[in-house]
Amino acid sequence: MPSNIIELRGVNKWFGNLQVLKDIDLSVTQGERMVICGPSGSGKSTLIRCINRLEQHDEGSIVVDGITLDENTEHVTAIRREVGMVFQSFNLFPHLTVLENCVLPQIRARGSSRKDATAKAMTYLERVRIPEQAAKFPAQLSGGQQQRVAIARSLCMEPKIMLFDEPTSALDPEMIKEVLDVIVDLAQSGMTMVCVTHEMGFARKVADTVVFMDGGRVIEKAPPQELFGNPQSDRTKQFLSQILEH
Amino acid sequence: MAQAPKLTSDVTRARPGPRRRPWGWFDFVLLAAVACFCVYLAWRTNVVFKYNWEWSTLWPFVFRFDTEAGKWVPNLIIEGLLTTLRLAIWGILLAGIIGTLMGLARNSQRLLLRLISGLYVMLIRNIPPVVFVFVFVFFIASQIMPKLALGDVVAGMSSTGQWWVHVFFGSPKLIDNFLLGLLCLSIFSGAYVTEIVRAGLESVPRSQIEAGDSLGFSRLDVMRFVVLPQALRNVLPPMAGQFIQLIKDSSLVSLVSIQELTFMAQDVQVTTQRVFEVFVFVGVIYFVICFALSRLFASLEQRYAQANR
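Taken in order, these protein sequences are the chains called A and B.
Those letters in the first sequence? Residues 1 to 246, by the numbering used here.
Those letters in the second sequence? Residues 1001 to 1309, by the numbering used here.
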């Protein structure tokens, strides 16, 4: 049995008086590809943002790669070093070139030399199929290209886990495929990943586990065939019928 | 074989003529009005006001002929200009540093830092500059500066050392005086720079900080490599304005006998009794310095434009 690389136990979180995460128990094993879906405001983004402490949980425990997330900033830094994150709005650094976006984090957070960092950056830019854009600024690229750079930037840090927070939601339909192709590639290479997305075709194709969330709770967790083919709860059925109609 | 007809949508056509006329009847009327006003002013000054311009009395105060050395040497106006330039360059540097640090403090998570920087900005922005200059120089700086005995320090230096001090800070005899004025100007201007930097920091979206955090940057690195560079670029235009203001405000320290351009101009004006020649000339000098600086900032802005959305 493979060990759990991410483990959430009884996680609760409030924004003011609003409880956004309710008793979340969830574990991800090494190499597992998990897709989290659910309606807006169901807490799915908050959940994965808790995993690298962009949000703090109020109760319960989160253990990532054997390290417990707590007030200790060294623990937080150690976890962030192992966890890569791709955002809905790319969040590239607009004042740096594509190459520098990939190089600077390696130098500052990994202590790499500029030469090594540049070589690695070019390797990953090739892997996401845009080495020719290295000298450009993010604003000169299309959304799909920017998101691929963001993926390359995360991969340069050689993370053990990748988190994707709706990576294709801000993209034009034509560009969704080029980004998903890159993520599928990555999934097939054995990377552990947790992905919040509405792309059900993608979930079917790559996910080992699909988690359905609503109202801050995990409603259902199952392999994609089961969850899509034979959903157990009424809420899941209702949600799936809504999105599969189109 | 018949060729497929060319689709019109494939052909790029030039736009048919400019959309707006660049020059219309309104522009002529406006121009005529401005011209009439200028002619009227010229007539008033020549006929009614009757001022005899005598520029020749001014030039010896720019350069004078040293009969002993047998060559032309810079006189009061040029010396004043050099002091003004020194004040401007050091002042921009110092006000920039003070403003950046205080701006960071304004956005700090620590309450004490926020209080200190808030108090600093509040005090300086709400009193007139002239009052600040007097209060600062007579009640604060003059208690501290003599204790530092910088004049003695410089006097003890080697001759090359003294030469460099002269280049950077002006006459070693007046170094206390110069630093006093510089500090006064920088602290005063720094308060405005603080507010500009604060606005810049707030203009950088939170998501940029999150991106830095998620990549494992330290807190300081997020500030240094992600937030601050973007913040400063976003506020280049108001920053240029503030630095130009600083150069013009440097004339205020003439009130406490810093011998910069305006101080010297007053001296020359008293000696020659040619008020208008002296101040028109000095005004042109200020204009040239400030305009050059504004061009410099404009080119910086243009350079960064490509990286901005």
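A virtual CB, placed ideally from N, CA and C, is assigned to each residue, including glycine.
- Along the region 91-102 of chain A, the positions whose C-beta sits under 9 Å from a C-beta of chain B are 91, 92, 93, 94, 95, 96, 97, read in chain order.
- Within the region 85-173 of chain A, the runs of alpha helix (DSSP H) at least 4 residues long that lie entirely inside it are, in chain order, 98-105, 114-127, 143-155.
- Listed in chain order, the positions of the region 1209-1231 of chain B with a beta carbon within less than 7 Å of a beta carbon of chain A are 1210, 1211, 1213, 1214, 1215, 1216, 1217, 1221, 1225, 1226, 1229, 1230.
- Along the region 65-82 of chain A, going in chain order, the ones with a CB nearer than 7 Å to a CB of chain B are 77, 80, 81.
- Closer than 7 Å to the CB of residue 52 of chain A there is at least one CB belonging to chain B.
- Secondary structure note for residue 1163 of chain B: it is in no beta strand (DSSP E), and the uninterrupted alpha helix (DSSP H) holding it is 1159-1169.
- Comparing C-alpha distances from residue 135 of chain A to each of A/235, A/151, A/118 shows the shortest one belongs to A/118.
- DSSP places residue 60 of chain A within a strand segment (E or B) once states are collapsed to three.
- For residue 200 of chain A, the uninterrupted alpha helix (DSSP H) segment begins and ends at 200-206.
- Of B/1116, B/1263, B/1089, the smallest CA-CA separation from residue 1247 of chain B is found for B/1089.
- Collapsing the DSSP output to three states places residue 27 of chain A in a strand.
- Annotated as proximal: residue 220 of chain A and residue 236 of chain A, with beta-carbon spacing under 7 Å.
- For residue 1207 of chain B, the chain A residues whose C-beta falls within less than 8 Å of its own C-beta are 87, 89, 91, listed in chain order.
- In terms of Cα proximity to residue 1108 of chain B, the closest of B/1166, B/1137, B/1198 is B/1198.
- Per DSSP, reduced to three states, the secondary structure at residue 1069 of chain B is coil, with no helix or strand assignment.
- Not one beta carbon of chain B lies nearer than 7 Å to the beta carbon of residue 170 of chain A.
- Segment contact: the region 205-214 of chain A against the region 30-43 of chain A, three or more CB-CB distances shorter than 8 Å; contact assigned.
- Residue state for residue 70 of chain A is assigned as coil, using DSSP reduced to three classes.
- Nearest CB-CB separation between residue 108 of chain A and chain B: below the 7 Å threshold.
- Within the region 159-184 of chain A, no residue has its Cβ closer than 7 Å to any Cβ of chain B.
- According to the DSSP assignment, residue 15 of chain A belongs to the beta strand (DSSP E) that extends over 4-15.
- Boundaries of the beta strand (DSSP E) around residue 192 of chain A: 192-196.
- Among the residues facing chain B, residue 105 of chain A is included, as its CB has a counterpart in that chain under 7 Å away.
- The straight-line gap separating the alpha-carbon atoms of residue 123 of chain A and residue 1241 of chain B is approximately 45 Å.
- Cβ-Cβ distances below 8 Å link residue 1172 of chain B to 1151, 1154, 1155, 1162, 1165, 1166 in the same chain, with the five nearest sequence neighbours on each side left out; the list follows chain order.
- In this structure, DSSP gives residue 1298 of chain B a helical state, which the three-state scheme calls helix.
- Of the candidates B/1256, B/1259, B/1252, B/1237, the residue whose Cα lies closest to the Cα of residue 1304 of chain B is B/1237.
- With a threshold of 16 other beta carbon atoms within 10 Å, residue 157 of chain A meets it and is buried.
- For residue 1063 of chain B, the secondary structure class from DSSP, reduced to helix, strand or coil, is strand.
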